[in-house]
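Data block below; observations after.
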Amino acid sequence: MRKILTLGIILLFALSCNTEKKEKTEIKMEKNKEKLEYLNREINKFAPVKLSFDKKLINEKQKIVLKKLIEATKIMDEIFLRQVYSKNVEIREKLKKANDELSKKELELFNIYYGPFNRLEHDKPFIEGVGEKPLGANFYPEDMTKDEFEDFLKQHPELEDEFTSNFTVIRRNKDGNLVAIPYSKEYKPFLEKATQLLKETAKNCENPTVKKYLNLRAEAFLSNDYFKSDLAWMDVKNNAIEVVIGPYEVYEDRLFGYKASFESFVTVKDPVESKKLKTIAKYLIDMEKNLPIPDMYKNFNRGLSSPIAVVYEVYCGGDAGAGVQTTAFNLPNDERVREAKGSKKVLLKNVAEAKYKMCWIPIAKTVLTKDTLKNVSFNAYFTHTLLHEISHGLGPGIITKNGKKTTVNKELKEYYSTIEEAKADVLGVYNGFFLTEKGVFPKGFEKQLVTTFIGGIFRSIRFGINEAHGGGNIIIFNYLRELGVINYDENSKKFSVNLEKAKDGFTKLAHELLILQATGDYEKTKQFVNTYKVIKPEVKKALEKLKNIPVDIRPIFPEI
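When the letters of the sequence shown are read in order and numbered with this note's numbering, they come out as residues 477 to 1036.
Structure, rendered in structure tokens:
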């Protein structure tokens, strides 16, 4: 009897364990199903688009150059991956080895974002076991605070230049003290390969100015001094291939906004479209004079060279390839180069066309009233993109604060990128009014520019307001909404634009942003950003209606 009772208990225990095991398996399967749905949803926010270009624009030798440049760009991918997060390589290898469907989807999204953080959801981790993304990415020790960094520099002011340099990472030595390490040392194995590739590419270059740039950039990778090669890039002319490669934007460093990320754009120039836009560059000084700030804050020391190139993107990588794709860029960022030469504006026409078709038009139709939509056009969208890039080169750059020469970037720290993107967008419209008055654009074009830009704000907000462009755009939206430039129709639940108030509204906001930069006032900038960088209920409702519209494109690059 005792044996039977014992056997019964064992059977009951076994059944209980099996039931518990089955329940755990079912819960895990349900969680995996939910996770797969989430991953697919996030991946589908990026619409795959085949990019193309007219292959008649290049010859056989230039094809060899493009292929070599693409190889070099893939090295920028590897460096940027390491800049984003210290565990990125380990996570990627683990996902590559796994064969299950969940890991494959995680890897796909990981490759889109260059890491396990959702850039559209304030860098929320999407892989189990991954903690919060460090504000300083992998440019600083993860356990380092802002106070520690700033206190260290107060004690060692002689180290300020190397610690705040765009081209150093901050690490701890064996004693636990902070040290600055040049990129040329931190990423040496990768940069040596990139140097070799650029030198090989230069040998195949028929254009002497491109050849010079590539050779100097190859040297810069090893010397950590990018000044001469940036100047050489500004001097590139009569070129079919437009390439820029190296560390540039500081968006990834959300702790201080000091450290530059590696990236590369490999493009082919559209000579006809590039020629059309040269007229606008002639008005650079006039646009600086016309800024709505006192003359003492205007920057007439910047170089007058302002080449504009309309190009077809053939390949991009590093920071340029992460998440939301770039439509245009304005480089170099080095204020010394801007004062000596100016800056170059490059517009990616095939990328802009794809974004407008896949994302912009569906969004505008959803959030703007029918009457407002009449003033929307691709021409205005593309023109504002150009004016945005031109506007990056206007206004304060090198400033004087407390009797000391410094830069806007250094003073505004982590708020610099957001304010700078907001400034460029606002001045893009403000300068549109100015150029229309000058007869550069046809009468009435400013209406298209205002409306088209405001419609596009919703596309940028979807990038996430912690991202510089999205953050800048929600600031603009809330400020203009406060002034009555943007109105909300309760019946249609859509937005309209008051064109009569537009010029005054953009002028006031331009003044506010430029003064923050000119004075380098960190505390006022912080207060301004915290006041306006918020998602309000009516915007949240509008964003919910956009769920099934792609946020951006995922480029499928053309074969060379």
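Glycine residues also receive a C-beta, built at the ideal position from the N, C-alpha and C atoms.
Buried/exposed call for residue i, threshold 16 Cβ in 10 Å
i: residue 867; result: buried
i: residue 710; result: buried
i: residue 1007; result: exposed
i: residue 535; result: exposed
i: residue 509; result: exposed
i: residue 612; result: buried
i: residue 595; result: buried
i: residue 930; result: buried
i: residue 696; result: buried
i: residue 907; result: buried
i: residue 893; result: buried
i: residue 928; result: buried
i: residue 648; result: exposed
i: residue 574; result: exposed
i: residue 559; result: buried
i: residue 810; result: buried
i: residue 706; result: buried
i: residue 777; result: exposed
i: residue 1035; result: exposed
i: residue 653; result: exposed
i: residue 538; result: buried
Distance CB(residue i)-CB(residue j) smaller than 7 angstroms
i: residue 599; j: residue 609; result: yes
i: residue 899; j: residue 989; result: yes
i: residue 680; j: residue 787; result: no
i: residue 844; j: residue 745; result: no
i: residue 1033; j: residue 795; result: no
i: residue 527; j: residue 806; result: no
i: residue 785; j: residue 803; result: no
i: residue 712; j: residue 685; result: yes
i: residue 690; j: residue 704; result: no
i: residue 666; j: residue 815; result: no
i: residue 640; j: residue 544; result: no
i: residue 1026; j: residue 772; result: no
i: residue 551; j: residue 694; result: no
i: residue 932; j: residue 961; result: no
i: residue 848; j: residue 973; result: yes
i: residue 592; j: residue 567; result: yes
Residue from the options with nearest C-alpha to residue i
i: residue 791; options: 529, 508 and 510; result: 529
i: residue 752; options: 539, 916 and 630; result: 916
i: residue 605; options: 570, 815 and 659; result: 570
i: residue 657; options: 953, 643, 829 and 840; result: 643
i: residue 766; options: 903, 966, 700 and 890; result: 903
i: residue 1002; options: 862, 891 and 961; result: 891
i: residue 715; options: 700, 742 and 704; result: 742
i: residue 895; options: 877, 856, 987 and 919; result: 987
i: residue 580; options: 977, 538 and 516; result: 516
i: residue 858; options: 812, 1023 and 921; result: 921
i: residue 1030; options: 576, 589, 694 and 573; result: 589
i: residue 518; options: 576, 603, 668 and 633; result: 603
i: residue 983; options: 1028, 769 and 1021; result: 769
i: residue 1005; options: 747, 947 and 850; result: 947
i: residue 427; options: 651, 758 and 840; result: With the chain represented from 477 up to 1036, any question about residue 427 goes unanswered, as that position is not in the structure.
i: residue 935; options: 800, 1013 and 853; result: 800
Opposing strand residues paired with residue i [DSSP bridges]
i: residue 792; result: 741
i: residue 1028; result: 522
i: residue 658; result: 644
i: residue 805; result: 822
i: residue 549; result: Per DSSP, none; premise fails for residue 549.
i: residue 593; result: 601
i: residue 880; result: 877
i: residue 781; result: 818
i: residue 964; result: 971
i: residue 719; result: 742
i: residue 726; result: None, per the DSSP bridge assignment.
i: residue 512; result: According to DSSP, which records beta bridges pairwise, residue 512 is partnered with nothing at all.
i: residue 787; result: 745 and 824
i: residue 844; result: 971
Distance between beta carbons of residue j and residue i, contact taken as under 8 angstroms
i: residue 702; j: residue 722; result: 6 angstroms
i: residue 725; j: residue 737; result: 6 angstroms
i: residue 860; j: residue 925; result: 6 angstroms
i: residue 793; j: residue 739; result: 7 angstroms
i: residue 865; j: residue 824; result: No, residue 865 and residue 824 are not in contact; Cβ-Cβ is about 11 angstroms, not under 8 angstroms.
i: residue 819; j: residue 869; result: 4 angstroms
i: residue 951; j: residue 1009; result: 5 angstroms
i: residue 862; j: residue 821; result: 6 angstroms
i: residue 512; j: residue 597; result: At roughly 17 angstroms, the Cβ-Cβ gap does not stay under 8 angstroms, so residue 512 and residue 597 are not in contact.
i: residue 1019; j: residue 941; result: Incorrect: roughly 11 angstroms between the Cβ atoms, too far for contact.
i: residue 731; j: residue 616; result: 6 angstroms
i: residue 673; j: residue 548; result: 4 angstroms
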